[in-house]
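First to last, the sequence lines map onto chains A and B.
Using the working numbering, read the first sequence as starting at 475 and increasing by one per residue.
Using the working numbering, read the second sequence as starting at 63 and increasing by one per residue.
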Amino acid sequence: MLLDSKCPTGPIETRWDRHRFNLKLVNPANKRKHTIIVVGTGLAGGSAAASLAELGYNVKCFCYQDSPRRAHSIAAQGGINAAKNYHNDGDSIYRLFYDTVKGGDFRARESNVYRLAQVSVNIIDQCVGQGVPFAREYSGYLDNRSFGGAQVSRTFYARGQTGQQLLLGAYQALERQIGLGTVEMHPRTEMLDVIVIDGKARGIVTRDLLTGKVESFFGDAVVLGTGGYGNAYYLSTNAKNCNATAIWRAHKRGALFANPCFTQIHPTCIPVSGDYQSKLTLMSESLRNDGRVWVPLKKGDARAASQIPENERDYFLERKYPSFGNLVPRDVASRNAKQVCDEGRGVGETKLAVYLDFRDAINRLGKNVIKERYGNLFDMYQRITGEDPYELPMRIFPAIHYTMGGLWVDYNLMSTIPGLYVTGEANFSDHGANRLGASALMQGLADGYFVLPNTINDYVASNKLDKVDASHPVAREAEAQVNGVTKRLLEAKGSRSVDSHHKELGKLMWEYCGMGRTAEGLKYALSQIPAMRERFWGDLRVLGNGEELNQSLERAGRVADFFELAELICIDALNRNESCGGHFREEYQTPEGEAARDDENYSYVAAWEFKGVGAAPALHKEPLTFEYVHPAQRSYK
Amino acid sequence: MRIVLHISRQRNGGAKPKLVRYEVPNVNHEMSFLEMLDVLNEDLIAKGEEPVAFDHDCREGICGMCGCMVNGLAHGPRPGTTLCQLHMRTFKDGDQLYLEPWRSAAFPVVKDLVVDRSALDRLIAAGGFISVATGEAPDGNAIPVPKEAAERSMDAAACIGCGACVAQCPNASASLFMGAKLAHLGLLPQGAPERDARVEAMVAQARAEGFGSCTNIGECEAVCPKEIKLDVIALMNRDFLHAQILGRGAVSENAG
């Protein structure tokens, strides 16, 4: 398979403009004759659904939650980047582009990233227009803060609830269209398959989570904005119900899956407290603006933090990376935290944590300023741990947070199935091997508000599609398959719950395909997963039936997909014999312990083709070329 | 510690709810309330009994999906805290907890502790937005917003749409929810042009959904996990009156 990224060439500043000009348009009066299916209502799906409806398309929109307002974008805390340079500190579109390509450890497409930086400025305008209550200066103008991986202040924020406010903006735009009748909204409805007819995505098969009704919906194109796959690891910062089912089932229908091993481990999460742990909670990266990360110099130092004098503390990020200090990118911060814990210098009961200390910032700025900046995060920490972070340093540890990998898409955000578009975290395109903080919100909204509504017209205008309905044999086959899986899950009649299987998989993945990976460990994981998957199908207990709300049944279907996806993550990690970004192969590191890339052999996107469950997937490579940002070893020293 | 639960269980909206007693031994005080329910459910599955259905998703207090009455209090006893952020250290050994779903005519019960809150979405669809299509907005700094207004707007915008206010209100009024949205948008210059139309549309929709009126009891404020203040309801009533005096609306009664 030839992977054509359709990236424009020529001067990077004008690529998106020239590309847009060359795309076909659909006459405004004709748009209402076309239906677009949008799955997922987070920043990437909700913004796309609202914008497409505003343009005049008929939109059918789906989410598994009870309301489109609850998608997990809502939990993003810190902020959203934009190259506004409102603060005259040397920022520019080019610098945001440069920082993102470098931050992604040179594994992203330059054309995509430049476009992302360009439209970042429009996103802020749009969100302000919608009434997103961004933080303001006393002048009434927009405030900014700095974030990891950048030396300029370009992050716009709404307290520690930026994702919530941006999502409510998109949600309200979507609800406005629902009220106008241009969007048909289907909450509590899960997409379980893509209907591909004559090689084109023409619809989806869904299951109504309240009634169990399996149904097909059709349109001219399908958009998946269904988020990432971090929950393959069981414990992650994702919402409990986040899942990979939509993208995985699309993958099984022919969409290539790109760079699955690029998973992001966020350095500042609240550590695990026990076996019952159901999820991990992130503490925003913005905390690293004022918090200082440290561990005791001595191994096994059991003293309370306040009893450890200054000269016996190791502010390891400031020591190793004097110019970025506590604001090094996430992959670097996470790896260093793991390293000091491996050395036996971790803190807290489990010794799997480091301190994030606000003592100096509180002394310098006063408690009130810190409270104004991070009050809700401090409250959240206090609720979860029972400790007061104004008095005691926070304990933090890395956790799976975001997945840079996802379905392969071209510059138009179309997957390898014509008519199937993928936006936001669900695609792979913009962050390379590591995403910078405050860039996920930017990408989700860029895709949904400004990229997809421009590129999808070209497909709609260029393809004359026959009308199809549920009587089509392909739709009937897909529905039968979905019903078959439901039946199989209900009839397994084993002894173990879905969660017990999921936890087992998660532990294996975290151990062998987490922060540090080795060929040996990955081979071990690959030897275990098929047997685990068999145990899942053979010894699963799902009670209740398929004709009413059955949360165990929902989870079982999602976990079944994680058992397949996990294998692909490990295969990809084993294939990539280099360290880059979030993918750290212990065999490949510099003498100082930094990630050692192999540009000669691995400067490509690894796009995998599904060949059957348990069968080796086929690798297709999209070579990456860098005309503007010259690959170099990332240095934050 | 040992916790005794009495959970309102029903197969579906039509079925009669029944309080069922469960014991959860060995509850760790570090657990969240929902993790304690997870432990109960794992235990039920092992025994071959159907697990208790409850809504949840982010488990970090922001998505608004979780919530039930705990001993008559929406989201339980801790102020400013969603059910998922309530931790078991709040309780003591042997505590008896009665769990019931949100009860309101506008929130039909779906199963066990799960209710249908789509009425809240319809309130937003009726008018809870600023009508700006993608691409229309001017530069972000073209509209300065006084810091005070931005802060007050943000206080109201923190609403997570969980429905606790409705569940706790003796009148099942959605006034705190509506007031929060109206204050969020109405306090900003961007939201000013539609301020009258917005309040009228949302109030009319609330009536159609079967939400009750506000009689200033204040239980909503007491249980709101985001501590939205009653002021937003006063502001809504002021806006409603303003819209009425301007003579734009067809609705003539008091808003809340």
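For every residue, glycine included, the Cβ atom is placed at its ideal position computed from N, Cα and C.
Curious, which full-length alpha helix (DSSP H) runs of at least 4 residues does the region 143 to 203 of chain B contain? 180 to 189, all fully within the region 143 to 203 of chain B.
Every unbroken beta strand (DSSP E) inside the region 816 to 894 of chain A [3 residues or more]: 828 to 831 and 868 to 877, all fully within the region 816 to 894 of chain A.
Could you please give the first and the last residue of the uninterrupted alpha helix (DSSP H) stretch that includes A:R676? Unbroken run through A:R676 is the beta strand (DSSP E), K674 to D682; no alpha helix (DSSP H).
Just how far apart, CA to CA, sit B:S237 and B:S275? 7 Å
So, does the CB of A:V602 fall closer than 8 Å to a CB anywhere in chain B? Put simply, the CB of A:V602 is near chain B, with a gap under 8 Å to one of its CB atoms.
Any residues in the region 100 to 126 of chain B with a beta carbon nearer than 9 Å to a beta carbon of chain A? Which ones, in chain order? Residues D100, V101, N103, E104, L106, I107, A108, G110, E111, E112, P113, A115, F116, D117, H118, D119, C120, R121, E122, G123, I124, C125 and G126.
Does chain B have any CB closer than 8 Å to the CB of A:G1018? Taking Cβ atoms only, chain B reaches closer than 8 Å to A:G1018, which makes this a yes.
Straight-line CA distance for A:G980 to A:S969? The alpha-carbon of A:G980 is positioned some 19 Å away from that of A:S969.
Excluding sequence positions up to five away, which residues of its chain have a Cβ less than 7 Å from the Cβ of A:H1094? Excluding sequence neighbours, A:H1094 sits near M475, L477, L730, A1081 and E1083.
Can you list the residues of chain A that B:V172 reaches, using a CB-CB cut of under 7 Å? L684 and L1023
Between the alpha carbons of A:A527 and A:I511, how many angstroms are there, rounded? 11 Å
Indicate the three-state DSSP secondary structure (helix, strand or coil) for A:P1097 in the structure shown. Strand, per DSSP.
Using beta carbons (cut-off 8 Å, strictly below), is A:A776 in contact with chain B? At a cut-off of 8 Å between beta-carbon atoms, A:A776 makes no contact with chain B.
Whole-Å CB distance - A:V896 paired with A:F692, under 8 Å assumed: Their Cβ separation, rounded to whole angstroms, is 19 Å, which puts A:V896 and A:F692 out of contact at 8 Å.
Could you pull out every residue in the same chain whose Cβ sits closer than 7 Å to the Cβ of A:V1087, ignoring the five residues on either side in sequence? E1038
Give the straight-line distance between the Cα atoms of A:M888 and A:E1060, rounded to the nearest whole angstrom. Those two C-alpha atoms are separated by around 35 Å.
For A:H1057, the residue or residues it bridges with in DSSP: A:C1054
What are the residues of the region 745 to 756 of chain A that lie near chain B, defined by any Cβ-Cβ distance shorter than 8 Å? S747, G748, Y750, Q751, S752, K753, T755 and L756
In whole angstroms, what is the alpha-carbon distance linking A:R1108 and B:G202? When rounded, the distance between both Cα atoms is 33 Å.
For A:V934, which option in A:Q635, A:R950, A:T509 and A:H493 has the closest C-alpha, if you only look at C-alpha atoms? A:T509
Measuring only the C-alpha atoms, how far is B:P139 from B:N233? 21 Å
Could you tell me the alpha carbon to alpha carbon distance between A:V769 and A:R804, rounded to whole angstroms? 18 Å
Report the rounded CA-to-CA distance for B:A312 versus B:I192, giving the unit in angstroms. Summary for B:A312: the model assigns pLDDT 48, below 50, so the residue's position carries little reliability, and this model does not support an answer.
Pull up the distance between the alpha-carbon of B:D301 and that of A:G614, whole angstroms please. 24 Å
Relative to the alpha-carbon of B:C221, which residue among B:P208, B:I186, B:P206 and B:Q252 has its alpha-carbon at the smallest distance? Closest by alpha carbon: B:I186.
Using a 10 Å radius around the Cβ and a threshold of 16 neighbouring Cβ atoms, would you call A:I1003 buried or exposed? Within 10 angstroms of the beta-carbon of A:I1003 lie 16 or more other beta-carbons, which makes it buried.
I'd like the list of long-range same chain contacts for B:Q72, defined as Cβ closer than 6 Å, with 5 residues on each side in sequence excluded. P79
Chain B beta carbons: is any one of them nearer than 8 Å to that of A:Y874? Here residue 874 of chain A turns out to be Ile, not Tyr, going by the sequence shown. Chain B contact via Cβ: absent.
Interface residues of chain A around B:S193 at Cβ under 7 Å? The contacting residues are R650.
Flag this pair as yes or no: are the beta carbons of A:E584 and A:F1100 separated by less than 8 Å? yes
Taking CB distances under 8 Å as the criterion, tell me whether A:E528 reaches chain B. yes
Per DSSP, which one or two residues make a beta bridge with A:T509? A:N532
At what residue ranges does the region 65 to 107 of chain B contain a whole run of the beta strand (DSSP E), taking only runs of 3 or more? Listed in chain order, they are 65 to 71 and 80 to 86.
Per DSSP, what are the beta-bridge partners of A:G1078 in this structure? Note on residue identity: the sequence assigns Tyr, not Gly, to residue 1078 of chain A. A:Y1078 is bridged to A:P1097.
CA-CA distance, A:L894 and A:N717? For A:L894 and A:N717, the distance between alpha carbons rounds to 19 Å.
Using a Cβ-Cβ distance under 8 Å, would B:S180 count as near chain A? yes
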